[in-house]
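**Q**
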Amino acid sequence: SGGARERIRQRLGIPEDALVIGLVGSLNWRARIDYAYGAELVRAMRHVKRPDVVACIVGDGAGRERLLEMAGQDLGSRIFMPGRVPPTEVADYLAAFDVASLPQSVDGVGSFRYTTKLSEYLAAELPIITAQIPAAYDLTGDCCWRLPGRSPWSSTYVDALAELLEGLSPAAIAERREAIRRRPGDRFDQRAQQRRTSEFVSDILAQRQS
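Throughout the sequence shown, residue numbering follows our numbering, covering 29 to 238 in sequence.
1. Tell me where the alpha helix (DSSP H) around R209 begins and ends.
2. Spell out the partners DSSP gives I49 in its beta bridges.
3. Use the C-beta contact count for K253: other C-beta atoms within 10 angstroms, 16 or more gives buried, fewer gives exposed.
4. When the Cβ atoms of the stretch 88-96 are set against those of the stretch 109-128, are three or more pairs found closer than 8 Å?
5. Using a Cβ-Cβ cutoff of less than 8 Å, which residues in the same chain neighbour I157 once the five nearest sequence positions on both sides are dropped?
6. Output needed for R33: all residues of its chain with C-beta closer than 6 Å, excluding positions within five of it in sequence on either side, in chain order.
7. Given this structure, state the Cα-to-Cα distance separating N56 from D88, to the nearest angstrom.
8. Grab the span of the alpha helix (DSSP H) containing T184 for me, first residue to last.
9. Only counting the same chain, and skipping five residues up and downstream in sequence, which positions put a Cβ closer than 7 Å to that of L47?
10. Among V118, V113, S179, whose alpha-carbon lies nearest the alpha-carbon of Q235?
11. Around the C-beta of E203, are 16 or more other C-beta atoms found within 10 angstroms, so that it is buried, or is it exposed?
12. Report buried or exposed for P115, applying the criterion of at least 16 other Cβ atoms within 10 angstroms of its Cβ.
13. Does E115 come out as helix, strand or coil in the three-state DSSP assignment?
14. Put A64 into one of helix, strand or coil per three-state DSSP.
15. I need the DSSP call for A59, collapsed to helix, strand or coil.
16. Cβ of G91 within 7 Å of any heavy atom in the ligand FMN?
17. Locate the beta strand (DSSP E) running through I156, then write down its first and last residues.
18. Buried or exposed: where does I85 fall if 16 or more other Cβ atoms within 10 Å of its Cβ makes it buried?
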């Protein structure tokens, strides 16, 4: 709805000129890997020096309390966690974001799952930061940043996320937003698939050789 970006930011206390990276999802804590959705943002923000970047983690679950603890003094200033919001307001919160985080592991599950969040973020014309998963090549192309690391809880991924946020410019975001607007309707053209698959294989091979 009109004015949603300003309204939500004002509600949360996020400056209008801030660069907001956010996600919407269930915050279920997985003790075995010490992770819930959004933990990669909290950990990355520890290493981001620029004051105009903030993270917004929307959702609830057993992991929310753990993420609140992890956020510490950054809560309410650099990290915002409004909790569960009504489904009718999700689009408004997405309008308040500049970039969406789509943490997904490169494993037997993550490699072959198309999360519904992908379509929601693209419908909101949000560039996506994710891992080197096949979906990032198949469906997003130039609409996303693909970070190295086999999982969003790995130090490789978190360090790459922090580095990206430290140098992310409004122009780079605008470029990917434009790519979302002009993306073709048919994501499965044969030549396009060949190009995306080649990129995926090349990135995985490069990661294993490093």
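Glycine residues also receive a C-beta, built at the ideal position from the N, C-alpha and C atoms.
**A** Here's the rundown:
1. Numbered from its first residue, the sequence shown carries residue 209 at position 181. Counting along the chain, the alpha helix (DSSP H) containing R209 begins and ends at 198-209.
2. Start at 1 with the first residue of the sequence shown, and residue 49 comes out as number 21. I49 is bridged to A83, V127.
3. In this structure the chain extends from 29 to 238, so residue 253 is not present and cannot be described.
4. yes
5. What you label residue 157 is simply residue 129 of the sequence shown in a count that begins at 1. Result list for I157: I49, V127, A128, S129, L130, C172, W173, L175, L189, L192, in chain order.
6. Numbered from 1 along the sequence shown, position 5 holds the residue referred to as residue 33. If we look at R33 and ignore the five residues flanking it on each side, its Cβ neighbours are A123, A124.
7. Within the sequence shown, numbered from 1, the residue matching residue 56 stands at position 28. Within the sequence shown, numbered from 1, the residue matching residue 88 stands at position 60. One C-alpha to the other measures close to 8 Å.
8. Counting from 1 along the sequence shown, the entry for residue 184 is found at position 156. Its alpha helix (DSSP H) spans residues 183-195.
9. Within the sequence shown, residue 47 is the residue found at index 19, counting from 1. Cβ within range, chain order: D80, V81, D126, L196.
10. In the sequence shown, the residue the question calls residue 235 occupies position 207. Among V118, V113, S179, the Cα nearest to that of Q235 is on S179.
11. Along the sequence shown, one-based indexing puts residue 203 at 175. With fewer than 16 Cβ atoms within 10 Å of its Cβ, E203 is classed as exposed.
12. By one-based count along the sequence shown, residue 115 stands at place 87. Per the 10 Å Cβ criterion, exposed.
13. Stepping through the sequence shown from its first residue, residue 115 is reached at position 87. The amino acid at residue 115 is misidentified as Glu; the sequence shows Pro. P115 carries a helical assignment under DSSP once its states are collapsed to helix, strand and coil.
14. Here the question's residue 64 lines up with position 36 in the sequence shown. Coil at A64, not helix or strand.
15. Sequence index remark: in the sequence shown, residue 59 carries index 31 (1-based). The answer is coil: DSSP assigns A59 none of H, G, I, E or B.
16. Absence of the ligand FMN is noted for the structure shown, with no ligands found whatsoever.
17. The residue labelled residue 156 in the question sits at position 128 within the sequence shown. Note, I156: beta strand (DSSP E), 156-159.
18. If you number the sequence shown from 1, residue 85 lands on position 57. The residue is buried, with at least 16 neighbouring Cβ atoms inside 10 Å.
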